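There are 2 protein chains.
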Amino acid sequence: MIIMPVEEKRIWPFTLLILLLVVPLVAFAADDEALRQRASQILGPLPSAMPSEENPITPEKVRLGKILFYEPRISVDGTVSCSKCHPIALYAADGLRKAVGHNCKENPRNDPTVFNAASQISEHWIGNRTSVEDQAKQAVIGPPAFGMPSYESVEKVLRGYKQYETLFRAAFPSDKEPVTVDNFAKAIGAFERTLVTPAPFDAFLKGTADAMTAEQKKGLGTFIDQGCIGCHFSPYVGGQMYQKFGIFEPYEKYTKSEKVDEGRYAVTKSESDKYIFKVPVLRNAAMTPPYFHDGSVDKLTDAVWIMGKIQLGKDLPGEQVQDIVSFLHALTGEIPEEARTIPVLPSGE
Amino acid sequence: MIIMPVEEKRIWPFTLLILLLVVPLVAFAADDEALRQRASQILGPLPSAMPSEENPITPEKVRLGKILFYEPRISVDGTVSCSKCHPIALYAADGLRKAVGHNCKENPRNDPTVFNAASQISEHWIGNRTSVEDQAKQAVIGPPAFGMPSYESVEKVLRGYKQYETLFRAAFPSDKEPVTVDNFAKAIGAFERTLVTPAPFDAFLKGTADAMTAEQKKGLGTFIDQGCIGCHFSPYVGGQMYQKFGIFEPYEKYTKSEKVDEGRYAVTKSESDKYIFKVPVLRNAAMTPPYFHDGSVDKLTDAVWIMGKIQLGKDLPGEQVQDIVSFLHALTGEIPEEARTIPVLPSGE
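Chain order of the listed sequences is X and H. No gaps in the numbering here: position 133 of the first sequence is 498 in my numbering, and each next residue is one more. No gaps in the numbering here: position 44 of the second sequence is 409 in my numbering, and each next residue is one more.
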């Protein structure tokens with residue numbers, strides 16, 4: 366038996382208390398750091414913008430692009446602007462199963478947000494738009510979108526406003542005739558290339574350990590461990606590859622899809638592209654229901670469980686689903702200040 | 366013959382020059398002041414808001430109302446919010462001949478701006494809405510508007526979002542169950558009661574003589590002298606009375622109206638109300654084409670000439686029409702900062 370002096374007897378319980386408090390804290394911090402490092406390798410924080418060599422971002426283009434984003438007078442029924450299907454108030458998605466264009470024409474698929482969209486390998490669920498610029502250009506004459514009869518008809522409307530002449534000239538100073546649909550597309554593209562939404566997840570990656578809750582961190586770990594990052598990688602948490610929807614089982618077994626969509630097969634006509642879709646960006650997923658290419662699932666918890674089931678062949682338990690959903694909430698970002706203000710469109714006379 | 370000393374001979378031309386310069390300036394300033402006083406009696410500057418005893422404006426109501434203004438999930442097809450027909454980017458009108466509601470339903474009449482609207486004796490072209498609150502309440506179940514089947518169905522949607530519960534409770538703290546359509550209408554109303562748009566005309570009335578151009582001042586004089594102010598009076602330059610559209614000749618003789626609208630007769634069923642409409646507010650008229658209850662006229666110059674012809678029995682010469690149009694441009698106001706920023710709507714989960 367060791368006889369402790371009175372002094373030591375008194376100190377010992379305090380030492381234990383301090384050890385009990387400090388050791389887990391250090392361990393926790395170490396866990397955080399390990400998680401941060403793993404996540405940084407596969408995901409990483411958002412950049413400040415999504416530049417393009419073909420279409421450099423300039424303040425003049427962004428200014429014009431933001432105005433054009435709200436312009437409905439270049440649609441065949443006067444009701445469609447980019448902001449119709451991408452209202453900023455709803456995180457630039459529309460909350461519908463499938464987007465609705467001019468004269469109530471239903472689009473073939475669900476409307477993805479334009480936030481962080483310019484980062485992707487292609488646009489639209491089946492990758493039939495090469496870039497945000499290409500998307501904007503094709504949308505104005507798209508039968509279920511703006512529905513204009515020709516590019517010339519769009520240019521004619523825009524040229525009807527003196528203020529547009531001035532704005533296009535400022536944005537494209539070396540062009541003899543700057544008011545063109547190509548420049549319309551570049552301006553919209555430049556605006557959209559600024560639409561990044563830094564989130565608590567980015568703050569965590571940059572070293573603010575408490576930017577994410579314990580549940581969100583656990584969810585991030587689960588998201589990595591369960592293999593979600595196999596497809597949903599990059600700072601955008603998706604948008605970098607195509608993948609079959611329904612690897613283990615046909616997707617329609619679990620979604621409430623009204624009909625089966627053959628996906629990218631419509632673009633390539635290659636059998637191997639049947640049911641192949643672009644992996645969506647998961648940034649702001651919590652703010653942009655409903656889910657999947659046909660908006661057939663309303664709840665994020667259901668969407669996460671279905672993904673586990675048909676993409677990973679795993680029946681994820683409720684707690685893991687909930688943790689992943691918590692992590693997805695940490696991807697809800699700040700809308701850029703510039704996108705939170707509404708421009709005034711050129712007037713009629 | 367008067368012999369002038371040499372000194373006086375030299376000074377005289379300078380005196381004349383000074384007189385030639387100064388006298389008209391003084392006379393002009395006196396004209397400005399006279400015009401300012403005349404205009405102040407009949408028109409007057411905008412107040413800072415349009416309060417209501419029944420629905421006092423509070424910051425909490427305005428905050429909620431602004432969010433609800435962008436809410437499409439309370440429409441039967443998920444596409445209609447107040448901002449659909451009143452996009453701020455287009456000065457809170459929609460640029461269409463007639464407004465388009467859910468499932469592309471055409472409204473019977475042209476869409477008036479919600480800016481400065483709460484000031485009127487009633488809402489809608491035929492005065493079948495008593496206030497902005499009444500308008501908002503009826504719109505959610507309006508067959509060509511939001512088209513919801515019942516008030517209960519609207520309340521059910523709103524109660525599905527926890528954040529709305531919090532926002533309604535903050536705005537209506539003494540209500541046991543604050544999430545109601547009546548409170549929805551009050552919140553929208555409170556927001557709209559803040560939407561005043563002070564313009565160069567107001568600055569002129571408050572004493573900044575050069576806030577308006579010479580042409581705009583001339584136009585203001587013409588507007589008063591020709592009798593436009595007989596109907597278009599008050600700081601809102603309209604909205605305070607009903608009047609027959611087509612006093613001297615049937616309006617359809619000059620507009621491109623597809624069919625004749627019997628106006629307020631639809632509300633009162635009184636013969637004397639045939640072709641009677643509410644006199645519209647002319648604030649921001651230059652920013653909100655097309656014109657008249659059926660949006661049948663595209664250009665402001667045409668609209669002004671037609672008004673002279675059929676309301677005053679005068680074939681206004683082109684120069685006077687142009688002057689009046691110039692004055693109307695001086696009514697294009699600043700959109701309130703608060704209305705220029707977009708709120709974020711409550712999320713799904």
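C-beta: ideal position from N, C-alpha, C; glycine also. Please read these numbers as outputs of a predicted model, since none were measured by experiment.
Buried or exposed by the 16-neighbour rule on C-beta atoms within 10 Å, applied to residue i
{"i": "X/Phe-533", "result": "buried"}
{"i": "H/Gln-528", "result": "exposed"}
{"i": "H/Gln-685", "result": "buried"}
{"i": "H/Val-371", "result": "Any reading at H/Val-371 needs caution, since the residue's pLDDT is 48, under 50, leaving its predicted position unreliable; the model's value is listed next. By the neighbour-count rule (16 or more Cβ atoms within 10 Å), H/Val-371 is not buried but exposed."}
{"i": "H/Thr-531", "result": "exposed"}
{"i": "X/Gly-579", "result": "One point to set straight first is that residue 579 of chain X is Ala, not Gly, in the sequence displayed. The residue in question, X/Ala-579, is exposed, as its Cβ has fewer than 16 Cβ neighbours within 10 Å."}
{"i": "X/Ala-399", "result": "exposed"}
{"i": "H/Glu-471", "result": "exposed"}
{"i": "X/Gly-525", "result": "exposed"}
{"i": "H/Thr-495", "result": "exposed"}
{"i": "H/Gly-572", "result": "exposed"}
{"i": "H/Asp-540", "result": "exposed"}
{"i": "H/Gln-402", "result": "exposed"}
{"i": "H/Gln-581", "result": "buried"}
{"i": "X/Glu-517", "result": "exposed"}
{"i": "X/Glu-418", "result": "exposed"}
{"i": "H/Gln-406", "result": "exposed"}
{"i": "H/Ser-661", "result": "buried"}
{"i": "H/Ser-446", "result": "buried"}
{"i": "H/Glu-498", "result": "buried"}
{"i": "X/Asp-590", "result": "exposed"}
{"i": "X/Lys-583", "result": "buried"}
{"i": "H/Tyr-619", "result": "buried"}
{"i": "H/Asp-626", "result": "buried"}
{"i": "X/Pro-508", "result": "exposed"}
Own chain, CB closer than 6 Å to residue i, minus 5 neighbours either side, in chain order
{"i": "H/Ile-453", "result": "Ala-704"}
{"i": "H/Cys-450", "result": "Asp-459, Ala-464 and Asp-476"}
{"i": "H/Ala-567", "result": "It should be noted that the sequence gives Asp, not Ala, for residue 567 of chain H. Cβ within range, chain order: Pro-410 and Leu-411."}
Per DSSP, cross-strand counterpart(s) of residue i
{"i": "X/Arg-494", "result": "X/Glu-488"}
{"i": "X/Glu-471", "result": "X/Val-465"}
{"i": "X/Thr-697", "result": "None, per the DSSP bridge assignment."}
{"i": "H/Thr-706", "result": "X/Thr-706"}
{"i": "H/Lys-582", "result": "Bridge partners of H/Lys-582: none, in fact."}
{"i": "H/Phe-556", "result": "H/Phe-556 is not bridged to any residue."}
{"i": "H/Gln-608", "result": "H/Phe-642"}
{"i": "H/Tyr-656", "result": "H/Val-662"}
{"i": "H/Gly-628", "result": "H/Ile-641"}
Cutoff 8 Å: residue i Cβ touching any chain H Cβ
{"i": "X/Pro-708", "result": "yes"}
{"i": "X/Thr-444", "result": "yes"}
{"i": "X/Ile-700", "result": "yes"}
{"i": "X/Ser-712", "result": "yes"}
Residue i CB to nearest heavy atom of the ligand PLP below 7 Å
{"i": "X/Gly-554", "result": "As presented, the structure is devoid of all ligands, the ligand PLP included, so that no description of it is given."}
Interface flag, residue i vs chain X, CB-CB below 8 Å
{"i": "H/Ile-612", "result": "no"}
{"i": "H/Arg-524", "result": "no"}
{"i": "H/Glu-705", "result": "With the sequence shown as reference, residue 705 of chain H is identified as Arg, and Glu is not the correct amino acid for it. Yes, H/Arg-705 lies at the interface with chain X (some Cβ there is under 8 Å from its Cβ)."}
{"i": "H/Leu-696", "result": "no"}
Chain-order list of residues whose beta-carbon lies under 8 Å from that of residue i (same chain, five-residue window excluded)
{"i": "X/Phe-613", "result": "Lys-674, Ile-675, Gln-676, Leu-677 and Gly-678"}
{"i": "X/Lys-431", "result": "Phe-556, Glu-703, Ala-704 and Pro-708"}
{"i": "X/Cys-596", "result": "Gly-603, Met-606, Gln-608, Val-644 and Gln-676"}
Residue-chain proximity (residue i, chain C), Cβ-Cβ < 8 Å
{"i": "H/Arg-648", "result": "Considering every chain present, this structure includes no chain C. Its protein chains are X and H."}
Cut-off 7 Å between Cβ atoms - residues of its own chain near residue i, not counting five sequence neighbours on either side
{"i": "H/Gly-698", "result": "Thr-562, Pro-563, Ala-564, Arg-648 and Asn-649"}
{"i": "X/Gln-503", "result": "Arg-494"}
{"i": "H/Gly-611", "result": "Tyr-640 and Ile-675"}
{"i": "X/Ser-448", "result": "Phe-434 and Tyr-435"}
{"i": "H/Lys-551", "result": "Asn-420, Lys-426 and Glu-498"}
Taking Cβ-Cβ distances below 8 Å as the criterion, which residues of the segment 452-463 of chain X are in contact with chain H? Pro-452, Ile-453, Ala-454, Leu-455, Tyr-456, Asp-459, Gly-460 and Leu-461
Taking a cut of 7 Å between CB atoms, which residues from the segment 426-439 of chain H lie near chain X? Tyr-435, Pro-437 and Arg-438
Residues of the segment 650-667 of chain H in Cβ contact with chain X at a cutoff of 9 Å, in chain order, please. Ala-651, Met-652, Thr-653, Pro-654, Pro-655, Asp-663, Lys-664, Leu-665 and Thr-666
Taking a cut of 7 Å between CB atoms, which residues from the segment 465-480 of chain X lie near chain H? Val-465, Asn-468 and Cys-469
Quick one, which residues of the segment 552-586 of chain X are near chain H if we go by CB-CB under 8 Å, in chain order? none
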